[in-house]
Every structure is written in C-alpha cells, then in structure tokens.
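Right, one structure below, let's go through it.
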Amino acid sequence: MLKLYAATLKKYKLYLIAFDLTLTQTEVNISGMNKLEESLNKIAELRKTIEYHNKRYYQQDAPEISDAEYDRLMRQLQELENQYPDDDIASSPTQRVGAAPLAKFASFSHPSAMLSLANAFSNDEIIEFDSRLKRLAGVDSISYIAEPKLDGLAVNLIYENGLFTKGATRGDGATGEDVTQNLKTISSLPLKIKNAGNKAIPSFIEIRGEVYMESEPFHKLNRRRIDEGEEPFANPRNAAAGSLRQLDSKITARRPLNIFLYGIGNIHGINFSTHWEVLQTLSGWGFPVNKFIERVQDINACIRYFEHIGARRKSLPYEIDGIVLKVNDLSLQETLGNVSRNPRWALACKYPAAQETTIIKNIEVQVGRMGTLTPVAIMEPVNVGGVMVSRATLHNEDEIIKKDIRIGDTVVIQRAGDVIPEVVKVIPEKRTGKEKKFKMPKTCPECNSEIVRFEGEVAHRCVNISCPAQLKEHIRHFASRSAMDIEGLGERLSAQLFDTKLIADPADLYFLTKDKLLELDRQADKSAQNLIDSIARSKKPQLDKFIYALGIRHVGERTAKLLAARFGSMENLIKAKIEDLTAVNEIGPEIASSIVEFFHEGKNIDVMKKFSKAGVIPQKKEVSNNVPLAGKSFVFTGTMEGMGRTAAKEIIESLGGTVHSSVTKKTTYVVTGDDPGSKLDKAKSSGIKIISEKEFLKLIGRKTS
Ligand code: IVH
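Count along the sequence shown from 1, add 6, and you get the number used in the numbering used here.
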C-alpha cells in the first residue's frame, strides 16, 4: 500500500518529508497521504476544469458557468495551491488571468536590443543581399532559414530557470512596455518551458516572437465591436497591438491572440550552433513555431520559397506581409554583425500591398452613436486593389499626429485586411507648403458641446446625450433591421425627421402621422403611408430586439438576448441592480453598470414612458420565477442520444434551471448518458440524485421515443 502511494506521489516527495516532520509515520500513511493525494488530484481536476471554462469564456464566447461559479472554482484552486504548491503551479490557470488592472505599463529595458529588418521588394534585391553576404564572409554559398513574416507585433519574453518571468513589447528596440500579465493570457504561450530532453533548460533566455490575431477571429471581434457601438480595428495588426496593450489583462484575455516564436536574444548556460537548432529547440520546449518555416540551401531556393508562400498567402489563416530570410549558421551571423539597427544576416522580403497614392482634400469629423469622434480623410477617389476608395478612417487624433497627416497632403493609402482603407504615410516631398494641420475640434461639430477625452482613452467624445449627431445615429440604429426593423427608415430619413424637428428621440416615431410626414420635402403619399404602417407594425417587438434597439452602451444583440431571457420584461430589467445583472452569464461589471446608468438617466426614463404611452409593448418572456426548474442545477456526464448538450442547456435555462460542468454539493441532478465519466462516481459518493436521459426528458416535459 505504502509503495503504491509512494509511486503515485513520487513527484511530491518533499511533502512527504514535510509531513514526516510533523506527524508520526502511521498518521502519514493513513490520513496525511490520503488528504495530500486527494488535494493534488483536486488541484489537477480544478486546473483542467478552469482551463476548459477559460476557453469557453475567453475564446469561444460561449461560457457554460456563471462568473460567480467561475470565481468560486478559481478561489478553490488558489487556496489549494497555497497549501500545496506543486511543480506545475507555474502553468496553472491561476497564473494566467487575474491580476488587477494597471494604472500604466512599466517600462522594460531589453537585455539585448530588439533589432528590425532591412527590406527587399524584388528578386533582384534578394539576390543582391546574398551576394553582399557572400562577399563579406568570403564564401561561395550560404544556407538560410526562410520564415513567413507575420503582421503583428514583436515581443520579448524572459524565461528564468524555465519559468516565464517577464514579457515586453519591442518599443524603440531598447526599451519596451512590460506586458507580462497580458502575455500570460495567451493560452498557447507556455508559462513554463517543457523539458523535452532535447536541450538543457537555460538559467536565463530571451525569446522573441510575434503576437498576432488570425483573420477569422479578427473579423468576428470587429463585428462584435460594431454591434456594441465601438470602433472596429482597422486591421489584425492594430487589433493585436490594441489588445496586448490593455491595462486590464481581463480584456486581453477575451481577445483571440496568438503567438509564434522565431528567435532568441541573450542566453545563459547553453549554446546553439544554427538558427534551425534554435527553432527546433523552441518547438521541443513547447513554444508555437510556424510550421511553414523551412531550411533553404541557397538564394535560388529562397526566391522559390518567397514565390511559393506568396501564392499560398490568401489561404493562410493569418496575414503575412512577406517572408524573412535568416543566415542559418549562428557563427556566420556573428561575423556579419549589424548595420545600425538591422542585422546584416537577415532580410525581410515584402509582398506588394494593395496600396495607392492620393490627395487628402479634407478631414471631417464623424460623431458616432456613442459620441465617439472619428476623423475621416476625404480623398480624391482612387482604385486600390480593385475597389474605389474616397474616404479613409484616421482613427483618432494620436494617429494623425503620429503620421503627421495634413489636409492637402499626398498620402499612401492601403486596404488593410480588406477592411477600412487607411492612410499608411504621408509623402512629404510632395508638400507645397499650403497643407493645413488638423486640429480635433474643442466642441462637437454637431451640437457645440464640449469634447472630452477620458483618461486612458484615445478617443475624443461628445458627452452631450442630446447631441443631434448621436441622436440621429441612435434613431437609425433603433429602426435598423436587427433592432425594431422599421422598413423605409434609413439614415437619410432618420436625419431628415430629426432635423425638421418632427422627432427628437425614437419614441416620437410612434406619434408621427401621415400628414406630418407629407410636410417633408420629396415625401410621396404612398411612402409616407408605408412608413406609418411599418412603424405601427413594430409596436409589439420581441423583448430582446427592443432592448438592443435602445442602444445601451456595450449591449449588442447577444447581450440583449441574454437580458431578455433572464429578466423577461422591461419592468424587471429596469429594476435590475448591478448584482442581478452580473449574475447573468457573460455579463460583467462594465456592461452591468452601463445598463443601470442607462435606466437611471432622466431623459431615458422619459423616453421609456413615451414608449408605453404610444403603446409600444415588448413581448414578455417567461422567466424563472414561475418555472419548474428554478433553483435546480444540472450536470451532464456521458453522451446523450436524443439531444445535444447545448440544446439541453438552453431548455434547462429557459425553464429557470442552470447547467454546470462539475458536481458539487449544490448539484440537484446528474444526468447520465452513454459511457459516463467520473462525475457519475462523484455523484454516487456525494448522494446526488442521478437520472437517466429518459428521466431527464420526462422532467423537461419532452416525449421520449
Ligand atoms: S526577426 C533581428 N522573424 O518583423 C531579427 N521578425 O521588420 C528581427 N516579424 O520587429 C526580427 N515575422 O515584428 C523576425 N519570422 C520573423 C518575423 C519577424 C514577423 C516582424 C517583427 C519585427 C519586424 C521587423
């Protein structure tokens, strides 16, 4: 018996010694080891469970448990880890997310400088690079490593005795920002080097790589931002940089960031002889290394690689802007050295981007639904990669200052990631002296109210909730297809109704008459009648559509659905307190306070009253107060034959119950399908009611066949 325990617990020898000091041998065997083993098993189980929920919440946007439940699991794990710190603690989920938001980033001096790369734009330049190196090194041929050049942002990671201790952005190459806590949220980044036996783990190493966002999750993130009234990111690189540079690491954790590692800086204790060996070792240690990296024998093979990867570029799940060639032999790299900030031994070979030159005729400022001011360049129309472009977002004032963009400038623009065109750079040689600097207005271009820039935000905002630009946008949003779906009420008509003072807010739409509409310019009898009809048709909206239509900050379509399902009526939602809101899966404190503030604002209360007076009655939904499964909690184990888990979860929740992934004292039922797992044993030993799939279906009122 003792032998068996000893074998299982070999890893935890130290504890046994520690226990030995305080307990007698028999006590250790009987109670100490049992408790220890139990705790260590529990730690392993909790880590797995939390990792699973991290993925559901942060990456798949589909959490299965409430925040409160998640916090409870995390606390439990933390407590156990405090009592029994083990070898794997460095890579435990407790180390990834959870630090408090920072006031600002600390700066970080890179132990060895982070260099940048010289660029080549043609095959001739690539051949020239190789000839130069051969000449300098006095050799006939050089072999290279060819790597895709990802378009993200470079980071430097410090590992001490195998543990990730610090991570920073490149900054100016000498000093960057300490983004350790944010880097830890990238699940593919090992917090501890895996000892794969391929190479001893160094006491200190700087590992370099690129943080990036894949195209598909990038578009999804942008869709969500637009939905929630926020500015979309111009391209995946900005999205990756913006996400990594968040002071609150919980926000970073929700962003789909990835990382590839491609090099090292200072290293103590071990040596490498080729760059290929570095990459192989990094991969063996558990770091993500791009699978398209190849050893290439000479420069002709490099050019073939450049063309081959170029042809596959569109089918890659992430954006690359070129390839990087690096001399494979590290001693040759050292001999070649650097020229200013570029290593002589590496070259970035760039693919041509869809870019064009044009002139900025003016810079306008747009006011969005949430009051954000966005400067927009109005340009001479130009064809960029097959699309005519005449407007480009300049994002914010900082961006304009950074790129020194002036009205009248000739600029290079590009369509990055097929999204919104952006200004890459100004061509200063084309300046005539007549160009005008842009200044962000001090007051809102629409309502003259003061413009505010909140601390920590790059955006300027008009904070007047009655700002006409915001209100017009707000009315357009209210009437849009995914909200109240009022046919015929688009951007132009929303603005016209507002400007002619026929309406001041969305509720006024319901007091419009055909006669009033006919007073408008170019308003035909038939279309006036159609609009009145479609407004009338929208009077009994689904509750979630109505909540979404209200345009509450951070409440997109999905959140609106969750709110409708949980609160069932506008009355209940208006009454909800912060804690009632945060008790809903996926709703955090920021969304919750935005909702509470919205319903406390006097103007909004008046608008809500007007809706009632007009007879706008969102349809109520049944909720948990009078439903059969209120307060009942379910756990599933094994495969169900008749119904998927997602469907089962939806039904349970619609009947007021909850679904959890692990069995606790609070579990009411464990539902067993085919081939149940350890949850069944746990249920048995804890005396929790176990029901079959058939019994479950009966319980939720479904027929079984
Ligand atoms: S090597 C001295 N390898 O490109 C070596 N850089 O223009 C410096 N990049 O700052 C970097 N993929 O952000 C290297 N496979 C790769 C890369 C890569 C992307 C970025 C990196 C760097 C920039 C240089």
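Even for Gly, the Cβ is constructed at its ideal location relative to N, Cα and C.
Query, Result
"Residue burial classification, ILE305 (beta-carbon count within 10 angstroms, cutoff 16)", "buried"
"Alpha carbon of GLY275 to alpha carbon of PHE298, nearest angstrom", "29 Å"
"Check: GLU183 C-beta below 7 Å from any heavy atom of ligand 1", "no"
"LEU524, buried or exposed, once every other Cβ within 10 Å from all chains shown has been counted against 16", "exposed"
"Simplified DSSP state of PHE293, which is helix, strand or coil", "coil"
"Own chain partners of GLN502 with C-beta closer than 7 Å, once the 5 adjacent residues on each side are dropped", "LEU526"
"Sequence-distant residues of its chain with Cβ nearer than 6 Å to PRO427 (five each side left out)", "VAL395, ALA398, ILE419 and ARG421"
"When PRO381, GLU699 and HIS606 are compared against GLY644, the one with the closest alpha-carbon", "GLU699"
"Own chain, CB closer than 7 Å to ALA24, minus 5 neighbours either side, in chain order", "With a pLDDT of 37 at ALA24, under the threshold of 50, the modelled position of this residue cannot be trusted, and the question is left open."
"Where ALA398 sits in the DSSP three-state scheme", "strand"
"Euclidean distance between Cα positions of PHE573 and ARG176", "47 Å"
"GLN252 burial status per 10 Å Cβ neighbour count (16 or more: buried)", "buried"
"Start-end ranges of the beta strand (DSSP E) lying completely within the segment 105 to 173, minimum 3 residues", "113 to 115, 150 to 156 and 159 to 166"
"Nearest residue (CA-CA) to PRO451, options ARG375, ALA475, GLU435 and ILE433", "ALA475"
"LYS155: CB within 7 Å of a non-hydrogen atom of ligand 1", "yes"
"For THR416, the nearest candidate out of LYS440, SER455 and LYS408 (CA to CA)", "LYS440"
"Close Cβ partners of GLU497 (< 7 Å) along its chain, the five nearest in sequence each way excluded", "ARG482"
"Which residues DSSP lists as bridging ASN334, in chain order", "Answer is none; ASN334 lacks a bridge partner."
"Ligand 1 heavy atom lying under 7 Å from the CB of ALA354", "yes"
"Which of helix, strand or coil DSSP assigns to GLY594", "coil"
"Assigned exposure category for THR32 - 16 Cβ within 10 Å defines buried", "With a pLDDT of only 34 at THR32, under 50, the local geometry of the prediction cannot be trusted, and no value is derived from it."
"Three-state secondary structure assigned by DSSP to GLN303", "coil"
"Contact under 8 Å by Cβ, ILE492 with SER533", "no"
"Opposing strand residues paired with HIS281 [DSSP bridges]", "In the DSSP output, where bridge partners are listed per residue, HIS281 has none listed."
"Range covered by the alpha helix (DSSP H) that runs through ASN454", "Looking at the DSSP string, ASN454 is not in any alpha helix (DSSP H), and its letter there is neither H nor E."
"Any non-hydrogen atom of ligand 1 within 7 Å of ARG301 CB", "no"
"Member of LYS445, ARG487, SER128 and ASP184 whose CA lies at the smallest distance from the CA of ASP404", "LYS445"
"Buried or exposed (CB count within 10 angstroms, at least 16 for buried), ASN264", "buried"
"GLU325 and SER221 closer than 8 Å at C-beta", "yes"
"Whole-angstrom C-beta distance between TYR268 and GLU216, which should lie under 8 Å", "7 Å"
"Rounded straight-line distance, which links the Cα of VAL330 to that of VAL34", "At VAL34 the pLDDT is 43, less than 50, meaning the model places this residue with poor confidence and gives no usable figure here."
"Delimiting residues of the beta strand (DSSP E) encompassing SER639", "639 to 643"
"Where LYS155 falls, given that 16 or more other Cβ within 10 Å makes a residue buried", "buried"
"Limits of the unbroken alpha helix (DSSP H) element including SER221", "221 to 233"
"Cβ contact (3+ pairs, closer than 8 Å) linking the segment 126 to 145 and the segment 302 to 317", "yes"
"ARG543: first and last residue of the uninterrupted alpha helix (DSSP H) it sits in", "531 to 543"
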